[in-house]
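Numbering-wise (my numbering), the sequence shown opens with residue 386 and increments by one.
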Amino acid sequence: MANQPASGINPSFFAETWLQNWTANQTINSFGVPSRLQMQAIINQWRAASGGGKLDLTKAPLRLLAIVSRVDLRRTTGGGGGYSGNATGNFLDAGEARFIFGFVLPPGWQLQGGYPPGGAPVINPNGCQALPFSVIFEYRVPKCHCEAVRAWAQNWVDLNNYVPGTAAYNSRLELLTEQFVRANANPARPNGSAIGQVRSNEIALQAPWELREFQLTQFPWSLINETTTADTADDSFNNTPLFANWIQGNIVPAISGPTWDQPVPAVPLFFGGNFQGAHPQAPGPGFFWNAPGLATLGDNWGRHRASLNSCNGCHTGETGTIFVHVDPATPGLPAGLSGFLTGITVNDPAFGAPARTFNDLLRREADIQQVANMECLQFPTVNTAAVTASLQATGQLPSDLFAGAPPTPAEERLSVGVDDMKRVVVLEVH
386 MANQPASGIN PSFFAETWLQ NWTANQTINS FGVPSRLQMQ AIINQWRAAS GGGKLDLTKA
446 PLRLLAIVSR VDLRRTTGGG GGYSGNATGN FLDAGEARFI FGFVLPPGWQ LQGGYPPGGA
506 PVINPNGCQA LPFSVIFEYR VPKCHCEAVR AWAQNWVDLN NYVPGTAAYN SRLELLTEQF
566 VRANANPARP NGSAIGQVRS NEIALQAPWE LREFQLTQFP WSLINETTTA DTADDSFNNT
626 PLFANWIQGN IVPAISGPTW DQPVPAVPLF FGGNFQGAHP QAPGPGFFWN APGLATLGDN
686 WGRHRASLNS CNGCHTGETG TIFVHVDPAT PGLPAGLSGF LTGITVNDPA FGAPARTFND
746 LLRREADIQQ VANMECLQFP TVNTAAVTAS LQATGQLPSD LFAGAPPTPA EERLSVGVDD
806 MKRVVVLEVH
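Quick look at the structure:
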């Protein structure tokens, strides 16, 4: 991600400056983001384990919890990928691929001053203490043509033919992950990295549970900086007339029954002033986003969609989740998964009804199977010179738009997925 040969940024310095985002008070989009000073204890002990000086990345206090394919978050020129708009089948990327890590305290490490409620570590079989602190590295998969996106999905589906942990499985998985984690995986992005964003979710540093987001924000070279969190207003707007205005004026007009699953606008930086937040918190598992004056069925669904889209709503009461979807404090592996992923029915937390059933892994499986089998079409090149001449001479298009056009290599032709034009775009990016 630092790409030192090109950027000159030392990876150890890159990692430490990322962690230092937690150690100082910040202001992001005008909202204060207080420090969580227990992070300094992690930095200090990592440095000591490294022999002093620069952090030794081979001693990073992290354990891998999951590698996740999110083909369902693919973006097209019409939107998609958790942001907005309608799918067109003209791909901008193949969605996301994610590494989920959990912070650990190796033997002899400790945080100072005790642990907040719910923040105590769990002892793993190897002696490390697993902290309730997860970090997700979310990469945008740099594949644009329909055939490339389809092959990407097929390769993930084909992994099902091999036993996890075997050499055959691991080698094929590595071939996939190297396509997005390697240096210069996407030269058009800062540092040449395909990283889209890094997200955190923790209570280990300080109560309550808090989520943050980080991005490479400068081009061509960048450290990783804290930013606003996607699709989440600042917590101060929960249960306010302004949030009701956002729901009724922007979410409700975009959706309709019987499914209520049409694309909705993303939370903007500004709405009646600075609006998008930077450190959403979850004071309890029953938390959800609400607003006064919501009375109709459309209002109900608009509130639900806004709350589900948010970081802290998706991780708590809106989905019946106890803060994490992949549990970083699970002793040993595999990590525990939330009901939102594996299947759960949750009553609407604000109105009591309707009951909504979530099973996101099943939804993602159906989607990746569809992409792996979708039909791709390539469009031939129009003879623009002949078209221009005909319009100038007769005011009409020629009878054959393509006659006489020079041959175009297949990889340069517009390639679209017909089936993807008909999909319902996924908006919840968590």
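All C-beta atoms in this analysis are idealised placements derived from N, C-alpha and C, irrespective of residue type, glycine included.
{"Asked": "What is the rounded straight-line gap between the Cα of residue 401 and the Cα of residue 486?", "Found": "17 Å"}
{"Asked": "DSSP three-state label for residue 611, please.", "Found": "strand"}
{"Asked": "Let me confirm a value: residue 698 is counted as buried when at least 16 other C-beta atoms fall within 10 Å, else exposed. Which label applies?", "Found": "buried"}
{"Asked": "Could you give the DSSP three-state label for residue 740: helix, strand or coil?", "Found": "strand"}
{"Asked": "Can you list, in chain order, the residues of its chain whose CB lies under 8 Å from that of residue 663, leaving out five sequence neighbours each side?", "Found": "411, 413, 414, 416, 418, 597, 598, 611, 612, 613, 614 and 619"}
{"Asked": "Is there contact here, the segment 541 to 550 with the segment 490 to 502, by at least three beta-carbon pairs under 8 Å?", "Found": "no"}
{"Asked": "Could you work out which residue in 654, 705, 607 and 632 is closest to residue 680 when comparing CA atoms only?", "Found": "632"}
{"Asked": "Are three or more beta carbon pairs between the segment 560 to 578 and the segment 599 to 607 nearer than 8 Å?", "Found": "yes"}
{"Asked": "Within 10 angstroms of its Cβ, does residue 393 collect 16 or more other Cβ (buried), or is it exposed?", "Found": "exposed"}
{"Asked": "Can you give the Cα-Cα distance for residue 435 and residue 429, rounded to whole angstroms?", "Found": "10 Å"}
{"Asked": "Kindly indicate the opening and closing residues of the beta strand (DSSP E) around residue 520.", "Found": "514 to 525"}
{"Asked": "By DSSP's criteria, residue 454 is part of a beta bridge. Which residues make up the other side?", "Found": "482"}
{"Asked": "With distances taken Cα to Cα, identify the nearest neighbour of residue 785 among 767, 792 and 791.", "Found": "767"}
{"Asked": "For residue 517 versus residue 427, is the C-beta distance shorter than 7 Å?", "Found": "no"}
{"Asked": "For residue 425, collect the residues of the same chain with a Cβ closer than 6 Å to its Cβ; drop the 5 residues on either side in sequence, then sort them by chain order.", "Found": "408"}
{"Asked": "From residue 707 to residue 452, what distance separates their C-alpha atoms?", "Found": "21 Å"}
{"Asked": "Using only alpha-carbon positions, find the residue among 666, 531, 740 and 684 that is nearest to residue 460.", "Found": "531"}
{"Asked": "How long is the line joining the alpha carbons of residue 751 and residue 403, rounded to whole angstroms?", "Found": "36 Å"}
{"Asked": "Rounding to the nearest angstrom, what Cα-Cα distance links residue 470 and residue 650 in this structure?", "Found": "The predicted model places residue 470 with a pLDDT of 35, which falls under 50 and marks its position as unreliable, so this point remains unresolved."}
{"Asked": "Using the C-alpha atoms, what's the distance from residue 432 back to residue 441?", "Found": "7 Å"}
{"Asked": "Tell me the rounded alpha-carbon separation between residue 744 and residue 525.", "Found": "24 Å"}
{"Asked": "So, helix, strand or coil for residue 567, using DSSP?", "Found": "coil"}
{"Asked": "Using alpha carbons as the reference points, say which of 770, 765, 478 and 781 lies closest to residue 792.", "Found": "765"}
{"Asked": "Beta-carbon within less than 6 Å of residue 388's beta-carbon, same chain only, minus the 5 sequence neighbours each way: which residues are those?", "Found": "568, 576 and 577"}
{"Asked": "On a Cα-Cα basis, can you pick out the residue from 627, 671, 537 and 582 that is closest to residue 563?", "Found": "537"}
{"Asked": "With DSSP collapsed to three states, give me the class of residue 656.", "Found": "coil"}
{"Asked": "Which residues does DSSP list as the beta-bridge partners of residue 594?", "Found": "667"}
{"Asked": "Report the three-state DSSP secondary structure of residue 534 (helix, strand or coil).", "Found": "helix"}
{"Asked": "From the DSSP output, in three-state form, read off residue 679 for me.", "Found": "coil"}
{"Asked": "If we ignore side chains and look at the alpha-carbon of each, how far apart do residue 399 and residue 446 end up?", "Found": "16 Å"}
{"Asked": "Would you mind sorting residue 648 into buried or exposed? The rule is 16 or more other CB atoms within 10 Å of its CB.", "Found": "buried"}
{"Asked": "Does residue 543 pass the burial test, meaning 16 or more other C-beta atoms within 10 Å, or should it be called exposed?", "Found": "exposed"}
{"Asked": "Identify, in the order they occur along the chain, each residue of the same chain with its Cβ nearer than 8 Å to the Cβ of residue 714, setting aside the five sequence neighbours on each side.", "Found": "487, 506, 507, 515, 516 and 517"}
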